[in-house]
């Protein structure tokens, strides 16, 4: 039975394969007949060679069937033409085999090989017929060869749509297939052919969109003109059909069909186009067919073609879905990290005192005669006495001496256990420190992820709102906007606009003031490209300007010329328009101090750039350095975050030297109190926020510079008149060092904070 079933399955499989082969043969024969008999450009049959070349590249066996079919049709048309066509195909095969012999044949070579095959064949026949070849003859052969090249290229593009199943198709592939279909159907009677083409135009406009419909009407119109079916006067009618169908497609198929009939009636009567008796019958049958064909299968195909409205809608829905899913996942992870962070913070501290008291009870008090009195009747007093004993490093109270019968042995036992107690204490402190570090980091990651999800969630709505606002404002000044794209990144706005037919002074006098008014801040032009090939088109890029700017000057000298400077500093601007300056002074001088300060600055900079808040970054850095500290190696942190939008500046100091802010007639001094990082587990960060004004100077320094002569620093800062930070740093360092030579590495950083002038201020 199993063998019978297997044989039946095998027979069905073989029959299925046979049916597929028969259908392939029928398709090849049909398309070969249609295209071999199709004419273009003054009755020239130019589709046979490109078709044969394409089929040969896909399937060699089917190419033989195609060749025989094309040869038979050509022989029926003209025997001499059939002979020429056979030689042409032979030349093509020879060139292909030569390429395969010396290299690897690529399908992209097909149009070029078809060009040389057609050109070589015509030149060869001219020599065989002994006919003189004039310049016009060569030009005509070249013209037809180029046309063969173009048709071969179109066939090659159409193959991707007809032969290969893909997830997405380019519009040029579909239009190429549409061109071949139009050529293949050109054997129909003129009225039927025009009706079929108009049906295709209505379909492409209704389901594919304006661009697809208009381009289809142009391609099919050209085919009708080349075949002499319509005149040039009727060509715009086809394009207007595509535009009209697209404009009223939202009204449904029935309304579209009625408007189409009315349009035809009006146009044909107004311009007196000749009408055949079957004209209206064929149009009505075509429209009934258009109404009856269901939408779903057509829309499924349209969604696969790039450039169609259905494809754009699918892409938009997909992006929205991905955005919502991404936001949800980010929020979920943010919530999880937040919960873990709180869980770590809420973990009960390991009670070392309780463990030590329990150890004393088990090993010393359990078998004592006063056990019941001390631990039952007066348990609270006993427990608190031992707790205070451990907190005071075994400082014994008089009450314990009076109550304990074995006081001397108790103290001896506790002294023996002191080393164990210290080890356990250190272990629990490190454990708590590590747990707090992880908790703080998870909380920061949670905050960053939540901010990111909010940005992703609201960016699209914000983007659409501003794009529509900009477009309407520019169009109110009769500025033609071809493309507009607005992007937001933190507080940075990026605007890309493509405009046509504008003058350069309009960019400065109209566009920039409009953008500045919309965003309520200064907008500047950062890139301008002018392209004159497609008309006078401008590609413009704008961004929002900083309200303020910071110039930096510095002076740095090491204590020992042979050793590197133990001070390290950095300054950079973040995407959110904050200017960061950080200075670290490694304790002492030399290579070890330089290494420590460089590592401090490197870690701090990386954490700040990833979005971690300044305070959390410094706390994390302190914990890391405390854990890995070897010996007396510490470093200070002097940190300033300057908001370039409003001038608010936050100073964070950990063991750093004072910072001076020179205003017009006074000097503000910011004095720190916290210890350097890496000394103790916990840390107090000195934080102060100051609002800077135009032309203020910020002077940051290491303690090596400050300790030279702190008494005269404020006076000297006020005396210097220059606002150039480089010159200011040089003058101040020269004056201070001249008074007293330094005994440590010194670093001085001077920043000038000033307002940018905005030519196009918003009101």
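Residue numbers (the working numbering): 1454 to 2216.
Note that CB positions come from ideal geometry on N, CA and C, so glycine has one too.
Pull up the CB-CB distance for residue 1979 and residue 1952, whole angstroms please, since I reckon it's below 8 Å. Going by Cβ atoms, the distance from residue 1979 to residue 1952 rounds to 16 Å, so no, they are not a contact pair.
I need the DSSP call for residue 1483, collapsed to helix, strand or coil. It is helical.
Measuring CB to CB, does residue 1487 end up less than 8 Å from residue 1637? yes
Residue 2039 - partner residues in DSSP beta bridges: BP columns for residue 2039 point to 2088.
In its own chain, which residues sit with a C-beta less than 7 Å from the C-beta of residue 1505, not counting the 5 before and 5 after it? 1516, 1519, 1520, 1523 and 1542
Let's test the definition: count the other Cβ atoms within 10 Å of the Cβ of residue 2105 and tell me whether it reaches 16, buried, or not, exposed. buried
Can you list, in chain order, the residues of its chain whose CB lies under 7 Å from that of residue 1668, leaving out five sequence neighbours each side? 1628
Once DSSP output is grouped into helix, strand and coil, what is the label at residue 2159? Looking at residue 2159 - three-state DSSP - the assignment turns out to be helix.
Where the beta strand (DSSP E) containing residue 1945 begins and where it ends: Here the beta strand (DSSP E) through residue 1945 covers 1945-1953.
Under DSSP, the alpha helix (DSSP H) around residue 1510 begins and ends at which residues? 1501-1511
Count the CB pairs spanning the stretch 2166-2176 and the stretch 1960-1974 that are closer than 8 Å, and state whether there are at least three. Cβ pair count under 8 Å is below three, so no.
Would you mind reading off the limits of the beta strand (DSSP E) that contains residue 2009? The continuous beta strand (DSSP E) containing residue 2009 extends over residues 2001-2010.
Mapping DSSP to helix, strand and coil, what is residue 2047? helix
In whole angstroms, what separates the C-alpha of residue 1706 from that of residue 1633? Going from the Cα of residue 1706 to the Cα of residue 1633 covers about 27 Å.
So residue 2021 is in the beta strand (DSSP E); what residue range does that whole segment cover? 2020-2026
Compute the beta-carbon to beta-carbon distance between residue 2036 and residue 2115, rounded to the nearest angstrom, for a pair I have assumed lies under 8 Å. That pair is no contact at about 18 Å.
Top-ranked residue by Cα proximity to residue 1722, from 1746, 1734, 1690 and 1702: 1690
Roughly how many angstroms lie between the CA atoms of residue 1589 and residue 1572, to the nearest whole one? 14 Å
DSSP beta-bridge partners for residue 2154? 2201
Does the contact criterion of 3 or more C-beta pairs under 8 Å hold for the stretch 1773-1788 versus the stretch 1637-1651? no
Buried or exposed, going by whether 16 or more other CB atoms sit within 10 Å of the CB of residue 2038? buried
Residue 2185 versus 2197, 2153 and 2196, residue with shortest Cα-Cα distance: 2153
Starting from residue 2144, trace the beta strand (DSSP E) in both directions and tell me its first and last residue. 2139-2144
Check whether residue 2162 and residue 2193 have beta carbons under 8 Å apart: yes
Contacts around residue 2010, its chain only, beta-carbon distance under 6 Å, and the 5 residues preceding and following it disregarded: Result list for residue 2010: 2199, in chain order.
Please state whether DSSP places residue 2218 in a helix, a strand or coil. The chain is shown only over 1454 to 2216; residue 2218 falls outside these bounds and no answer can be derived.
I need the boundaries of the beta strand (DSSP E) containing residue 2117, first residue and last residue. Note, residue 2117: premise wrong, no beta strand (DSSP E); not H, not E.
Under the DSSP definition of a beta bridge, which residues are partnered with residue 1606? Answer by DSSP bridge pairing: none, since residue 1606 is not bridged.
Where does residue 2029 fall in DSSP's three states? coil
Based on DSSP bridge pairs, tell me the residues matched to residue 1983. 1991
From the DSSP output, in three-state form, read off residue 1596 for me. Here residue 1596 sits in helix by DSSP.
So, does the stretch 1753-1762 touch the stretch 1656-1664, judging by three or more C-beta pairs under 8 Å? yes
Best match in 1901, 2046, 2101 and 1927 for proximity to residue 1790 [C-alpha to C-alpha]: 1901
If we ignore side chains and look at the alpha-carbon of each, how far apart do residue 2031 and residue 2096 end up? 5 Å
Excluding five sequence neighbours on each side, which residues of the same chain lie with their C-beta closer than 6 Å to the C-beta of residue 1688? 1674
Extent of the continuous beta strand (DSSP E) to which residue 2106 belongs: Where residue 2106 is concerned, the enclosing beta strand (DSSP E) stretches over 2101-2107.
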